[in-house]
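Remarks on the structure that follows.
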């Protein structure tokens, strides 16, 4: 594929608001996970990665119908790191119809609906009058919110493939730009805490009672987080700064195996990584760091580790940053693309936190401490329920 | 870059399920105007190609999505394992969403594992992979009322850029109350289009897509027009009607205001 420039990007997670806070937390190997006391939840023994200050984030009056936790998180993200100004400049350059919005989410504003169901009319069973389905619950809500907030008139869509959603938006946006349908794209993902995911993963017995420990021999499940990540993709200018980060390749595949368990040998994951390498015109030896999907469930890490070993052997340093951020589900691909971009720009490989003893049965070079390095190309994995896989390759311009 | 980019593909197979529209072959004379349209509740079964455990776990949304996908592949004599897939729906499994919200609002919030894994918007894509064995890329989209247009645009872009056959599966189903009052979708409905980069003996038509500012046109038959307006997946009906009639020409499908999708159609037979 023709490389695209990540001209601006930002992220908000439990590590903090914006790039500086995220980078500082990664540099200090901090985790943002804390015991779960979300909403009315007092009955689940697990840790979560909650974004600070979301309850007090206010949407502009003109966007009041979009009011829900997921869109507040989106709004918070858009205000960081000069992202809104950058979008304004891109719209001025290309026009409102030539800037696409492609965002990932898994649960959108479902928390509003969960709460509205508690307030059904006792006689009729009707939902409250102030519940707005289209602008909160509907899966498209966050892309509609961003398109409306920037007064855009171009293509927009939500990709909702569970935990690969905000990785796959890069692939779709790259195709649209290559086809000439748009000139620039706002991509990324927003997913926020809700009861469906917390009780749902609990029902599958996939929640860790403590902070998650990816690739640990004693890993026992995931920690759910929430995050917003936004990235502006454009065709690269002729004279890029050496520090510029490019999307070099994307690879997608399906497991065709099981709804909630990965292919045991990681066959789909292997195909996605191989497809990303092929799209980028690179060999496995060209990759300097792998940001793993690494959810810390026993089966995910074992399958992914086998797949990574099959493609790369054990020579490429890798880690999961979910011990720091939690698993931010439909936002994970976007957040981890931003973390990968920070690693490329600031010359370090983030060590996975919480992991005490790396599983000796997973034959990969797992980092538990930060490493000073000068990575030039990074691969990031995102896999999800339904057997959906996506791998991205980001690289420095020079 | 040009403002009037055109994306082209050959339409090799069609699948259709809706009230009074049992499948594409049965619906063809109805859409062509040779047989009157009669609305009746739709019945659709889970495919036999799913293992029994998975078949038991499928609701209406998954059944509709898989039925139209399989019909499009069969009519186009295509192997699903060779096709990329684009799923697009305004809401996915809406019965399942209602059931989860009811449990979460009760005193016992224990939702079932099957309910949870069926709650993801890409559940039909997951079952499609299991049923068909396709390990090819599958993406899953939502654009509310513009979901059919968003799916068609993504599928046509994939054909144009990746030069691979791509199966679009657009589907919707109603919510039960109380969500039905907030999002009134009257019936389940699905359309599948097998879109190919090269012409084959099965090609029904060549289609060419562009983004325009024009308004979409209504269907002449009032009951079909009511379906088109009420169900996002049914916004693709004018394209199917043109193919059923063997008509060439240009029509406009709904997408996201102020954009619509202009589709130029050239019949291949």
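Residue numbers (my numbering), protein chains in the order written: chain A, 20 to 417; chain R, 852 to 1120. The beta-carbon is built from N, C-alpha and C at its ideal position, and this holds for glycine as well.
### Query
Touch check for the region 226-238 of chain A and the region 197-214 of chain A: three-plus C-beta pairs under 8 Å?
no
Three-pair Cβ contact test at 8 Å for the region 361-379 of chain A versus the region 231-246 of chain A: With the cut-off at 8 Å, the region 361-379 of chain A and the region 231-246 of chain A touch.
TODO: Pick out the complete alpha helix (DSSP H) segments inside the region 281-366 of chain A, 4 residues or longer, and give them in chain order.
DONE: 286-299, 317-331, 341-344 and 351-365
Notebook entry, point to check: For residue 1095 (chain R), which residues of its own chain have a beta-carbon under 7 Å away from its beta-carbon, when the five flanking residues on both sides are left out?
Noted result: By 1-based counting over the second chain, the position of residue 1095 (chain R) is 244. Once the five neighbours on either side are set aside, the close Cβ partners of residue 1095 (chain R) are 879, 882 and 883.
_Classify residue 332 (chain A): buried if its beta carbon has 16 or more other beta carbons within 10 angstroms, exposed otherwise._
Translated into positions along the first chain, residue 332 (chain A) becomes position 313. It is exposed - the Cβ of residue 332 (chain A) has fewer than 16 other Cβ atoms within 10 Å.
- Query: Counting only beta-carbon atoms, is residue 952 (chain R) nearer than 8 Å to chain A?
  - Reply: Here residue 952 (chain R) refers to the residue found at position 101 of the second chain. Yes - at least one Cβ of chain A is within 8 Å of the one on residue 952 (chain R).
Could you tell me whether the region 971-981 of chain R touches the region 908-921 of chain R, using the rule of 3 or more Cβ pairs below 8 Å?
yes
Report task. Between the Cα of residue 856 (chain R) and those of A:198, A:138, A:61 and A:267, spot the shortest distance and give me the residue it belongs to. Result -> As a first step, residue 856 (chain R) is located in the second chain; it is residue number 5 there, counting from the start. Sorting A:198, A:138, A:61 and A:267 by C-alpha distance to the C-alpha of residue 856 (chain R) places A:198 at the top.
**Prompt:** Out of curiosity, what's the CA-to-CA distance linking residue 1017 (chain R) and residue 943 (chain R)?
**Reply:** Stepping through the second chain from its first residue, residue 1017 (chain R) is reached at position 166. Stepping through the second chain from its first residue, residue 943 (chain R) is reached at position 92. Rounded to whole angstroms, residue 1017 (chain R) to residue 943 (chain R) spans 20 Å at the Cα level.
So who's on the other strand from residue 377 (chain A), going by DSSP bridges? Taking the first residue of the first chain as position 1, residue 377 (chain A) is located at position 358. According to DSSP, residue 377 (chain A) bridges with A:235.
Could you tell me the alpha carbon to alpha carbon distance between residue 356 (chain A) and residue 29 (chain A), rounded to whole angstroms?
If you number the first chain from 1, residue 356 (chain A) lands on position 337. If you number the first chain from 1, residue 29 (chain A) lands on position 10. Roughly 10 Å between the two C-alpha positions.
| Option nearest residue 1102 (chain R) by Cα separation, candidates R:1119, R:1083 and R:1064 | Working through the second chain from its first residue, we reach residue 1102 (chain R) at position 251. Looking at the Cα atoms, R:1064 is the closest of the given residues.
- Enumerate in chain order the residues of its own chain whose CB-to-CB distance from residue 853 (chain R) is below 8 Å, with the five nearest sequence positions on each side excluded. Your numbering for residue 853 (chain R) matches position 2 in the second chain. Any answer about residue 853 (chain R) is weak, because its pLDDT of 45 lies below 50 and its placement is not dependable; what the coordinates show is given next. Contacts found: none.
Using only CA atoms, which one of A:372, A:203, A:214 and A:398 lies nearest to residue 296 (chain A)? Here the question's residue 296 (chain A) lines up with position 277 in the first chain. Nearest Cα to residue 296 (chain A) within the set A:372, A:203, A:214 and A:398: A:398.
Proximal residues of chain A, C-beta to C-beta of residue 960 (chain R) below 8 Å
Position 109 of the second chain holds residue 960 (chain R). Within chain A, the residues 62, 214 and 218 have their CB atoms less than 8 Å from the CB of residue 960 (chain R), given in chain order.
| field | Distance, residue 1106 (chain R) Cα to residue 195 (chain A) Cα | value | Translated into positions along the first chain, residue 195 (chain A) becomes position 176. Translated into positions along the second chain, residue 1106 (chain R) becomes position 255. Roughly 16 Å separates the two Cα atoms.
Report task. With DSSP collapsed to three states, give me the class of residue 1138 (chain R). Result -> Residue 1138 (chain R) lies beyond the residue range present for chain R, which begins at 852 and ends at 1120; the question has no answer from this structure.
Compute the Euclidean distance between the alpha carbons of residue 396 (chain A) and residue 120 (chain A), then round it to the nearest angstrom. Within the first chain, residue 396 (chain A) is the residue found at index 377, counting from 1. Within the first chain, residue 120 (chain A) is the residue found at index 101, counting from 1. Near 26 Å, if we compare the C-alpha coordinates of residue 120 (chain A) and residue 396 (chain A).
Would you call residue 126 (chain A) buried or exposed, if buried means 16 or more other Cβ atoms sit within 10 Å of its Cβ? Within the first chain, residue 126 (chain A) is the residue found at index 107, counting from 1. The residue in question, residue 126 (chain A), is buried, as its Cβ has 16 or more Cβ neighbours within 10 Å.
For residue 853 (chain R), the three-state DSSP class (helix, strand or coil):
By 1-based counting over the second chain, the position of residue 853 (chain R) is 2. Any reading at residue 853 (chain R) must be qualified, since the residue scores a pLDDT of 45, below 50, and its modelled position is unreliable; the value itself is stated next. Residue state, collapsed to three classes: coil.
Residues of the region 959-978 of chain R whose Cβ lies closer than 9 Å to any Cβ of chain A, in chain order
960, 961, 962, 963, 964, 965, 966, 967, 968, 969, 970, 971, 972, 973, 974, 975, 976, 977 and 978
Notebook entry, point to check: Which same chain residues, not among the five before or five after residue 204 (chain A), have their C-beta less than 6 Å away from its C-beta?
Noted result: Looking up residue 204 (chain A) in the first chain gives position 185. For residue 204 (chain A), where only same-chain residues beyond five positions count, the Cβ hits under 6 Å are 119, 121, 192 and 252.
inquiry  = DSSP three-state label for residue 400 (chain A), please.
reply    = Reading the first chain from its first residue, position 381 is the one you call residue 400 (chain A). Three-state DSSP puts residue 400 (chain A) in a strand.
Subject >> Contact between the region 1075-1083 of chain R and the region 1027-1044 of chain R (3+ Cβ pairs under 8 Å) >> reply: yes
- Message: Output needed for residue 384 (chain A): all residues of its chain with C-beta closer than 8 Å, excluding positions within five of it in sequence on either side, in chain order.
- Response: Walking along the first chain from the start, residue 384 (chain A) turns up at place 365. 333, 334, 335, 336 and 337.
field: Distance between beta carbons of residue 45 (chain A) and residue 361 (chain A), contact taken as under 8 Å
entry: Within the first chain, numbered from 1, the residue matching residue 361 (chain A) stands at position 342. Within the first chain, numbered from 1, the residue matching residue 45 (chain A) stands at position 26. The pair is a contact, with the Cβ atoms about 7 Å apart (cut-off 8 Å).
If you run the structure through DSSP and keep just helix, strand and coil, what is residue 55 (chain A)? Position 36 of the first chain, counted from the start, is the residue given in the question as residue 55 (chain A). Coil at residue 55 (chain A), not helix or strand.
*So, is the C-beta of residue 920 (chain R) closer than 8 Å to a C-beta in chain A?*
As a first step, residue 920 (chain R) is located in the second chain; it is residue number 69 there, counting from the start. No, residue 920 (chain R) lies away from the interface with chain A (no Cβ there is under 8 Å from its Cβ).
Mapping DSSP to helix, strand and coil, what is residue 1010 (chain R)? On the second chain, position 159 is the one that residue 1010 (chain R) refers to. It is helical.
(message) Looking at chain A, is there any beta carbon in it that lies within less than 8 Å of the beta carbon of residue 1033 (chain R)?
(response) Numbered from 1 along the second chain, position 182 holds the residue referred to as residue 1033 (chain R). Taking Cβ atoms only, chain A reaches closer than 8 Å to residue 1033 (chain R), which makes this a yes.
Original post:
Is it right to say residue 1112 (chain R) is buried, meaning 16 or more other beta carbons lie within 10 angstroms of its own, or is it exposed?
Top reply: Taking the first residue of the second chain as position 1, residue 1112 (chain R) is located at position 261. By the neighbour-count rule (16 or more Cβ atoms within 10 Å), residue 1112 (chain R) is buried.
Distance, Cα to Cα, residue 868 (chain R) vs residue 1021 (chain R)?
As a first step, residue 868 (chain R) is located in the second chain; it is residue number 17 there, counting from the start. As a first step, residue 1021 (chain R) is located in the second chain; it is residue number 170 there, counting from the start. Taking the straight line joining both Cα atoms gives about 11 Å.
Item checked: Where the alpha helix (DSSP H) through residue 1056 (chain R) begins and ends -> Taking the second chain and counting its residues from 1, one reaches residue 1056 (chain R) at position 205. It is not in any alpha helix (DSSP H) - residue 1056 (chain R) instead sits in the beta strand (DSSP E) that spans 1056-1063.
Quick check for students: name the residue ranges of the alpha helix (DSSP H) that lie wholly in the region 136-208 of chain A, counting only runs of 4 or more.
Counting whole runs of 4 or more residues, the region 136-208 of chain A contains the alpha helix (DSSP H) stretches 160-168 and 184-198.
Open item on the list: What are the residues in the region 147-174 of chain A lying within 9 Å of chain R by C-beta distance?
Closed with: 150, 151, 152, 153, 156, 157, 158, 159, 160, 162, 163, 166, 172, 173 and 174
message: Does the CB of residue 5 (chain A) have a neighbour CB from chain R at under 8 Å?
response: Summary: the structure shown does not reach residue 5 (chain A), with chain A confined to residues 20 through 417, and so no result is reported for it.
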